[in-house]
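What follows is a short report on a single structure.
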Amino acid sequence: MGSSTLRRSLVVFGAFIIMFTLGSNFTFGNMMVYLVSYMRKRSEVPDVTYGDFIRVAALFGVTQGFIMCLSGFIVQFTGHKPCILIGALIFMSHTFMSLYSIDGSLWQVSFTYGFIPSLGQNLAYLSTITLAMKCFPDKRATISGIVTAGLGIGGFFFNELQTLYLNPSNLLPNELAKKGGSYDSLSSTNILFKENYFDQSEVLDRVPGILKILGIVYGILLSLGVFLMWDSFPCFTPQDGSYYTDYDCEEKELLDRTEDSSVNQFKRNLYFIINQVEFRSLWLTRFFIILINNTFISFYKAFGQTFIKNDLLISTTGSIGGIANFLGRFVFGLLMDKTSYKNIMIVSTTVLTFLLASFYYTKDSGSLAYGIGLCSILFSLPSVFSTQPPIAQERYIFYYNIYLLSHIFF
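Using the working numbering, you'd call the opening residue of the sequence shown number 824 and step up by one each time.
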């Protein structure tokens, strides 16, 4: 392997590590159970429910839309690397801030656990993918799949870390414990509650601790990822099909655009993007998939607790789902280099529709059906995340694709 290839591979690996860390977002449904249980006993809102806590996820989603839209323009003035660094610093701070907000109101938690991580994640997201794809322009979709696969495998790691630390004894949620003391002592008719919460001190006392641990782990991983991406690397430019090796091509792009970085440029780019039929199609596709994705990862555990008598089993199932999500992103990225975006989306969304429609009925079939359904859905969901970034780079020159991506993700 030549030095040029090695350097570019390290950039992709750094991007993967960053995405791996940002993948902790996929553990929202797992952490929600413990955070809500903690707040019901030790915060200013003892009557908070899972339904109330979804405001946190909603604020995350709204912030994601606006920041994604703006990030394409922010990058034109800051460059990719500063954008990644700022996003990483903001993201790693949210768990430390949540140490204080979980004792307060729901809106405080919404700000620190919804707005702040979304702000950081989405400032870093597009630039991380873009720089990685530019390292191997002939394999854009494969690289996109590899990098975004980090989100899925990150969900697996952090899901296990959270559950093993918070509930190592596999204790019952409080309503279940009052009826028998252990999962095995309960009949299935005793556990069909709409919402179950923990009230054991052994679990609740550990909630601040896991936030500290997560913050430290985020800091270590993001520092490594940013370090690997920060070094200059050979970069492909579509104008002449060559690699720049003497300096960072990002700096060249910024220098080339300095004279035209104005309000008029902003208007021209915006007008160009919103008048593209491809943009509207990509935007609608991503909008509906994101809506499904955010809702599903928020409530899969709360749903499983209504009929599965093992908290650790539910969390482990979610972790395996993270591996399925990882594989899905990687597989769809590979397929994108072999077939077309249209074919992939037709097949994946058709299958996803069937899986989502049937998932509710897994409660009548037990934990195995629940696990298979969960993993199948998480495998199918990321098709849009692996295929849209390379489509933007393939169809538009770099000058526009960062704008296009930011507005699609909006």
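Just so it is clear, CB atoms sit at the ideal spot from N, CA and C, and this is done for glycine as well.
Residue j beta carbon less than 7 Å from that of residue i
| i | j | result |
| --- | --- | --- |
| Q944 | L845 | yes |
| L833 | L1051 | yes |
| E849 | I1120 | Checking the sequence, you will find Phe at residue 849 rather than Glu. Yes, they are a contact pair. |
| Q887 | S941 | yes |
| L1201 | N1148 | yes |
| I1169 | L1158 | no |
| L882 | F959 | no |
| L922 | P991 | no |
| R1196 | S967 | Per the sequence shown, residue 1196 should be read as Gly rather than Arg. Not a contact, by the Cβ cut-off of 7 Å. |
| I1214 | Y1164 | yes |
| M854 | L974 | no |
| L1027 | K864 | yes |
| S1171 | S1203 | yes |
| S950 | I907 | yes |
| N997 | Q1128 | no |
| L1037 | Q1211 | no |
| F980 | S860 | no |
| G1151 | C1198 | no |
| L1044 | I840 | yes |
Residue i: first and last residue of the uninterrupted alpha helix (DSSP H) it sits in
| i | result |
| --- | --- |
| T1139 | 1134–1159 |
| R863 | 851–865 |
| I925 | Here I925 belongs to no alpha helix (DSSP H), and DSSP marks it neither H nor E. |
| Y1031 | Residue 1031 is actually Pro in this sequence, not Tyr. Per DSSP, P1031 belongs to the alpha helix (DSSP H) from 1030–1053. |
| Y1020 | Taken as a continuous stretch (DSSP letters only), Y1020 belongs to no alpha helix (DSSP H), as it is neither H nor E. |
| L1175 | 1164–1182 |
| S1199 | 1190–1203 |
| S1104 | 1100–1127 |
| S847 | Premise fails: S847 is in no alpha helix (DSSP H) and is neither H nor E. |
| I1131 | Counting along the chain, I1131 falls outside any alpha helix (DSSP H), and DSSP gives it neither H nor E. |
| L893 | 873–901 |
Cβ distance (whole Å) where residue i is taken to contact residue j below 8 Å
| i | j | result |
| --- | --- | --- |
| E867 | S933 | About 13 Å separates the two Cβ atoms, so there is no contact after all. |
| V1049 | A838 | Their Cβ separation, rounded to whole angstroms, is 10 Å, which puts V1049 and A838 out of contact at 8 Å. |
| N1117 | A880 | 6 Å |
| T971 | P1205 | 7 Å |
| G1141 | N982 | 5 Å |
| R1029 | L989 | 5 Å |
| G977 | S1138 | Incorrect: roughly 15 Å between the Cβ atoms, too far for contact. |
| F1153 | I969 | 6 Å |
| L858 | I925 | 6 Å |
Any non-hydrogen atom of the ligand ADP within 6 Å of residue i CB
| i | result |
| --- | --- |
| S1181 | This structure does not include the ligand ADP; it has no bound ligands of any sort. |
Tell me, please, whether the segment 900–907 touches the segment 942–960 by the rule of three or more beta-carbon pairs shorter than 8 Å. yes
Starting from the N-terminal side, write out each stretch of the alpha helix (DSSP H) that is 4 residues or longer and does not extend beyond the segment 946–991. With a minimum length of 4 residues, the unbroken runs of alpha helix (DSSP H) contained wholly in the segment 946–991 fall at 963–989.
Pairs of beta-carbons, one from the segment 1163–1177 and one from the segment 1117–1136, closer than 8 Å: are there three or more? Result no; under three Cβ-Cβ pairs closer than 8 Å.
The segment 956–969 contacting the segment 1109–1118, beta-carbon criterion three pairs below 8 Å: no
Can you confirm whether the segment 914–928 touches the segment 883–897 when touching is taken to mean that 3 or more C-beta pairs between the two stretches lie within less than 8 Å? By the criterion of at least three beta-carbon pairs nearer than 8 Å, the segment 883–897 is not in contact with the segment 914–928.
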